[in-house]
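Student: Input: one structure, supplied below.
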Amino acid sequence: MLAPGLATMLVVLTTDAVLLPAELDAALRAATRVSFDRLDSDGCMSTNDQVTLLASGASGIEPEPAAFTAALVELCHDLARQLQADAEGASHDIAIEVVGAASEDDAVTVGRAVARSNLFKAAVFGNDPNWGRVLAAIGTTDATFDPYEVDVAMNGVRVCSAGGPDRPRTEVDLRPRDVHVLIDLHAGGASATILTNDLTHDYVHENSAYAS
91 MLAPGLATML VVLTTDAVLL PAELDAALRA ATRVSFDRLD SDGCMSTNDQ VTLLASGASG
151 IEPEPAAFTA ALVELCHDLA RQLQADAEGA SHDIAIEVVG AASEDDAVTV GRAVARSNLF
211 KAAVFGNDPN WGRVLAAIGT TDATFDPYEV DVAMNGVRVC SAGGPDRPRT EVDLRPRDVH
271 VLIDLHAGGA SATILTNDLT HDYVHENSAY AS
């Protein structure tokens, strides 16, 4: 189970910096919003998760809050990617980058819809750059976009341009573990990236071969 609302995880972050509780709270919320909260392996949430940030102040150093937040964001991104790489039975780590959205919320909504599409995830498992499944997932959302303006690229090859076919699917190599899907909605200037995995035989086995 790995989805927003966190996942089956306990994250404890520590620092010896001198920071006020309100500064720590603001920094952690900013960091988790763009890292753990955008990790969506299978859309299933756990009920026993947390991210905790502890500051001892032992160093006596008072960092500039913006610089501390930037470092914390980088750390949380790294930890989220480690969780993604350790997802149950996954054979592909997929980054779904949505650009040209009317708002950040729209970008997150579109990315999450694609990440939760079993058809899309199964296609990636089969190394199939099926951009039609990407567009189908986008079409289930309430995001602002014109389907005849959407572009989709997979691992650097634009397979869909203005809602129609572009480069041949044979040009896309989905054999590497890392897969990058770029969706341009051409509806604005906002963007967001959702991290997910493919749907594999091993995932089904790991979640069916035991009784709870």
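In this note's numbering, the protein residues as written are 91 to 302.
For glycine and all other residues, C-beta sits at the position ideal for the given N, C-alpha and C.
Keep in mind that this is a model prediction, so the values were computed, not measured.
Need the endpoints of the beta strand (DSSP E) that L144 sits in, please.
Tutor: 140-145
Student: Report the option in A227, A148, S207, D132 whose CA atom is closest to the CA atom of A180.
Tutor: D132
Student: Taking buried to mean at least 16 other C-beta atoms within 10 Å of its own C-beta, is T142 buried or exposed?
Tutor: exposed
Student: Which value, in whole angstroms, describes the spacing of the CA atoms of L272 and E187?
Tutor: So the two alpha carbons sit approximately 5 Å from each other.
Student: Along the chain, where does the beta strand (DSSP E) that runs through H270 open and close?
Tutor: 268-274
Student: Taking C-alpha atoms, which residue in A301, D268, S125, I284 lies nearest to E164?
Tutor: S125
Student: How many angstroms separate the CA atom of H295 from the CA atom of E178?
Tutor: 10 Å
Student: Rank R259, E154, R128 by C-alpha distance to the C-alpha of Q174 and give the top, closest one.
Tutor: R128
Student: Can you give me the Cβ contacts of T234 inside the same chain, cut-off strictly under 7 Å, excluding the 5 residues immediately before and after it?
Tutor: Apart from sequence neighbours up to five positions away, the residues of its chain that approach T234 with a beta-carbon distance below 7 Å are A192, D196, A277, ordered along the chain.
Student: If you check the beta carbons only, do P219 and V189 fall under 7 Å apart?
Tutor: Contact flag unset, no.
Student: What number of angstroms, rounded off, separates the C-alpha of N217 from the C-alpha of I284?
Tutor: 19 Å
Student: Is the beta carbon of A148 sitting closer than 7 Å to the one on D106?
Tutor: Yes.
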